[in-house]
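Residue numbers (my numbering): 5 to 422.
By construction, the Cβ of each residue, glycine as well, lies at the ideal position given by its N, Cα and C atoms.
Scroll down for the structure; my scribbles are underneath it.
See the structure below:
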């Protein structure tokens, strides 16, 4: 039986969204991508949900992009899933190196219009409408968070990394540290709703792969393809906010915009992305559409640049990902060397952190986020973790970098300890 497409009008999208979250929890595998009502020229939908599996592929490291390409060519429908950060060492949460699936059901919301692609769209719509309009908070208690690395050890690592920069081994490196909790009993759906209520971001995702969850409130797009155009939007540069005083908040934005450190950090990653895109784009088409754009989110201001290029029609979407992965904003420059240093200095493997979650269409368009500002949870192990960090340059002040990573993790900590 072929799948059907049916459109429905949703009068109250907020209530429907909560009902949808309650409905989707029955599936062992699903992927929700949510823009949290952020609008930009590249937006395709308000949110999109893939639930249930028709076909699937799991990859190990080193990543076999050819196997993924063959899989999609044989299963030409929509594809949803993730790429881990590339490392031979898997983290304890246990997401595979990559996993993708053709979903049994797809739901897309744009303003008040809902498209359902499934065998029985009307039945799904009625099932969702019958759900509770309240998220049941079954989180047992506040989660007891520990830092894997002491502040003193973190500062020592930053000093060691700066010595590599001084010697010319690299120009910038993204260095991260772990926060974790054992014997954590949480309700991932409830926690996701809390996190995105406190920290709504344009590339949020709730991703379930059997007993593993990624509860993601990411502000960053990794890479998107529409037709022959590819764009990447790295974030480099962060400032705190003062939501109680608009004038001070504007001053913080202005300080970020004109910060020599943040601008140099950002432009280094822009150059790295331009180099990555030049490997697969038509000659002369790679260009910077926006440099040093300042964007405001609930807890921080961010510096975001947009780089674009035109790819040949014959190029498969997996070749584009392979050329650009992992994203420069989460590695540094030059990419190969800093990835070696990341393996050397970071205590735990990154796993799905600084990987990507997203989709590819039957026409081989795609959109992937950067997995940051996220909670990772293995329900079988009752193990929870999250990570935070930042770009280290020769001008980095170790204490300021430490405060910045705590700022980036503040929304997650608030949710977990409430």
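Asked: Residue range of the beta strand (DSSP E) that residue 107 falls in?; Found: 102–114
Asked: Which whole-angstrom value is the C-beta distance of residue 54 and residue 82, which I expect to be below 8 Å?; Found: 7 Å
Asked: Which residue's Cα is closest to the Cα of residue 8: 146, 123, 45?; Found: 123
Asked: Candidates 361, 339, 374: which alpha carbon is nearest residue 174's?; Found: 339
Asked: Quick check on the DSSP output: the alpha helix (DSSP H) that includes residue 279 runs from which residue to which?; Found: 264–282
Asked: Thinking C-alpha only, which one of 356, 270, 133, 293 is nearest residue 28?; Found: 133
Asked: Provide the residue span of the beta strand (DSSP E) that contains residue 119, from first to last.; Found: 117–122
Asked: Mapping the DSSP letters down to three states, classify residue 229 as helix, strand or coil.; Found: strand
Asked: Using three-state DSSP, classify residue 195 as helix, strand or coil.; Found: helix
Asked: Please report the residue range of the alpha helix (DSSP H) in which residue 403 lies.; Found: 402–412
Asked: If I measure Cβ to Cβ from residue 77 and keep anything under 6 Å in the same chain, skipping five residues before and after, which residues do I get?; Found: none
Asked: Measuring only the C-alpha atoms, how far is residue 341 from residue 354?; Found: 17 Å
Asked: Look at residue 273 and residue 332 and say whether their C-beta atoms are less than 8 Å apart.; Found: yes
Asked: Any idea which residues DSSP pairs residue 290 with across the strands?; Found: BP columns for residue 290 are empty, so no partner.
Asked: When you compare the CB of residue 216 with every CB in chain C, is at least one pair closer than 8 Å?; Found: Going by chain labels, chain C is absent from the structure shown, which holds only one protein chain.
Asked: Taking only the alpha-carbon atoms, compute the straight-line gap between residue 136 and residue 213 and give it to the nearest angstrom.; Found: 24 Å
Asked: For the alpha helix (DSSP H) containing residue 354, name the first residue and the last one.; Found: Per DSSP, residue 354 belongs to no alpha helix (DSSP H) and is neither H nor E.
Asked: Which ranges would you report for the alpha helix (DSSP H) in the region 46–91 if only whole runs of at least 4 residues count?; Found: 69–78
Asked: What residues match up with residue 216 in a beta bridge as DSSP calls it?; Found: 213, 382
Asked: Could you check the C-alpha separation between residue 106 and residue 262 for me, to the nearest Å?; Found: 45 Å
Asked: Can you tell me whether residue 301 is helix, strand or coil according to DSSP?; Found: coil
Asked: Spatial neighbours of residue 327 within its chain, please: C-beta separation below 7 Å, excluding the five flanking residues on both sides.; Found: 280, 283, 284
Asked: How would you call residue 384, buried or exposed, if buried means at least 16 neighbouring beta carbons within 10 angstroms?; Found: exposed
Asked: Comparing C-alpha positions only, which one of 269, 224, 256, 147 sits nearest to residue 359?; Found: 224
Asked: On the premise that residue 278 lies in contact with residue 311, defined as a C-beta separation below 8 Å, what is that separation, rounded to the nearest angstrom?; Found: 6 Å
Asked: Tell me the rounded alpha-carbon separation between residue 347 and residue 14.; Found: 48 Å
Asked: Can the beta-carbon of residue 269 be found less than 8 Å from the beta-carbon of residue 405?; Found: no
Asked: With a threshold of 8 Å on Cβ separation, who are the neighbours of residue 40 within its own chain once the five nearest residues in sequence on each side are excluded?; Found: 200, 204, 205, 206, 208
Asked: Any idea if residue 350 is buried or exposed, counting beta-carbon neighbours within 10 angstroms, 16 or more meaning buried?; Found: buried
Asked: Going straight from the alpha carbon of residue 159 to that of residue 409, what length do you get?; Found: 12 Å
Asked: For the candidate residues 139, 391, 38, 364, whose alpha-carbon lies nearest to that of residue 104?; Found: 364
Asked: Check whether the Cβ atoms of residue 242 and residue 393 lie closer than 8 Å to each other.; Found: no
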